[in-house]
Structures are given as C-alpha cells and as structure tokens.
Amino acid sequence: MVDGLPRLLGGELRPSRRSARRPAGGVVKVIAEPGVPQVVIVREFRAPRDLLFRAYTEPDLVKRWLGPAGLELVVNQLDPRHGGRWRWTHYDGDGKGYVFHGLYHGEPTPDRIVQTYEFDHAPGTVYLNLITFDEADGVTTLTQNTVFFAVEDRDQYVDGGMERGIRASMQQLDDLVTELAEEAHS
1 MVDGLPRLLG GELRPSRRSA RRPAGGVVKV IAEPGVPQVV IVREFRAPRD
51 LLFRAYTEPD LVKRWLGPAG LELVVNQLDP RHGGRWRWTH YDGDGKGYVF
101 HGLYHGEPTP DRIVQTYEFD HAPGTVYLNL ITFDEADGVT TLTQNTVFFA
151 VEDRDQYVDG GMERGIRASM QQLDDLVTEL AEEAHS
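All letters in the sequence shown, in the order written, are residues 1 to 186 by the UniProt record's numbering.
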C-alpha cells in the first residue's frame with residue numbers, strides 16, 4: 001500500500017533487466033482505491049526533475065519514450081503553456097492510429113504539469129492529469145494523479161491495457177533521462 005490506498009494491477013510493476021543498473025528507481029506503483037475515480041502512478045528516477053520536465057514538454061523527447069514498443073508515436077501538436085494544446089497519435093503495425101489530445105491548465109513548470117486528456121475512440125471521456133516532479137538527493141519522484149469523471153471511466157482506462165503502456169513508457173523514460181544525464185556530464 002502507498003498512502004493507505006490498495007494497489008491495483010498487481011501493485012508494483014517491475015523494471016526490465018536494463019534498468020537493474022539503476023537500483024534507486026525502477027518500480028512503477030499503480031494505485032487505485034475501489035470506488036474512487038482515480039489512478040495514481042508513482043516512479044522514482046535517478047535524474048534531475050528538469051530532465052523529466054523536458055521529456056514531457058519537448059516533442060523530440062516525448063516521441064522517444066511515450067507508449068509501448070511496437071507503436072510509433074507522432075507528436076502532432078505540443079504547446080506546453082497555459083491554454084496550450086497537445087495532440088499525438090500512436091500508430092500500430094497496420095497503420096491504425098490512436099489519437100490522444102488535451103489542454104494544459106496553468107503554466108507547466110519543472111515542479112508540475114496539469115493537463116486534460118482525451119482519447120478519440122472514447123469521445124467525451126475527459127480526465128485530468130496532475131503530474132508532479134519532486135527531487136531530493138539526486139532522485140526525482142514522478143507522481144501522476146489521474147482523476148476521472150466516473151469510476152466507470154477509470155475502470156475502462158484500467159481495463160484498456162494501461163498497465164502495458166505505463167510499464168513500457170516509464171522504462172523508456174528512465175532510459176531517456178539516463179542518456180540525457182550522461183550527455184550532460186560528458
């Protein structure tokens with residue numbers, strides 16, 4: 001349990017073997033309370049929060065980590081400012097596109113990003129993401145709190161395979177920020 005909430009989806013998603021060299025992170029915690037329209041994702045990274053913020057707000061970096069392997073990501077729009085829009089499309093091997101889009105609320109900062117999130121295949125199902133980056137002693141804790149309008153919307157999100165995408169994305173994000181940190185020190 002984290003913060004008194006039961007774990008969902010097996011609780012802790014273990015990192016791939018590639019991340020074993022970075023022992024201070026690697027475990028993705030997916031937390032949901034039955035009957036509450038919310039999912040919380042927590043992961044630690046051995047990287048400064050500025051690098052994580054860049055990975056969330058720079059199109060060339062977003063496409064390097066977001067989404068599971070086997071899907072190509074095209075960042076159609078990414079305007080990280082209050083009222084700015086974002087839109088991207090994941091393409092599967094058959095060329096079928098899965099479009100996600102939303103708006104930024106408040107000015108995104110290296111401390112936090114607030115945005116809405118909508119999937120074109122579920123029009124009208126909008127949820128709110130609050131992403132925070134808390135850095136201490138060389139480790140940044142990323143927390144993504146996703147709030148849904150209804151428990152049924154949350155359940156659809158969970159049942160739609162989000163675990164696979166989260167596991168892959170967080171590992172790819174870890175690999176990316178590790179690479180960026182190494183480049184900064186060379």
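C-beta: ideal position from N, C-alpha, C; glycine also.
Unbroken beta strand (DSSP E) runs of no fewer than 3 residues, entirely contained in the segment 12–85, are found at 28–31, 38–45 and 72–78, following chain order.
Short of 8 angstroms from the beta carbon of R54, and not among the five residues preceding or following it, lie these beta carbons of its own chain, in chain order: L61 and L180.
Annotation: H105 is outside any beta strand (DSSP E) and is labelled neither H nor E by DSSP. Residue nearest to G83 within the set T141, H101, V177 and R64 is H101 (criterion: CA-CA distance). Straight across, the Cα-Cα distance linking T143 with F133 is about 7 angstroms. Between the segment 83–94 and the segment 103–121, the count of Cβ pairs shorter than 8 angstroms is three or higher; the stretches touch. DSSP, read as helix, strand or coil, puts G165 in helix.
In the structure shown, the three-state DSSP call for T125 is coil.
Under the DSSP assignment, D155 falls in the alpha helix (DSSP H) whose first and last residues are V151 to D159. Straight-line measurement puts the Cα of P68 at about 5 angstroms from the Cα of G165. In this structure Y127 is not in contact with V151, their Cβ atoms being roughly 12 angstroms apart against a cut-off of 8 angstroms. One Cα belongs to V40, the other to R154, and the distance between them is close to 11 angstroms. T178 has no beta-bridge partner at all, per DSSP. In the DSSP assignment, the residues bridged to L142 are R43 and F133.
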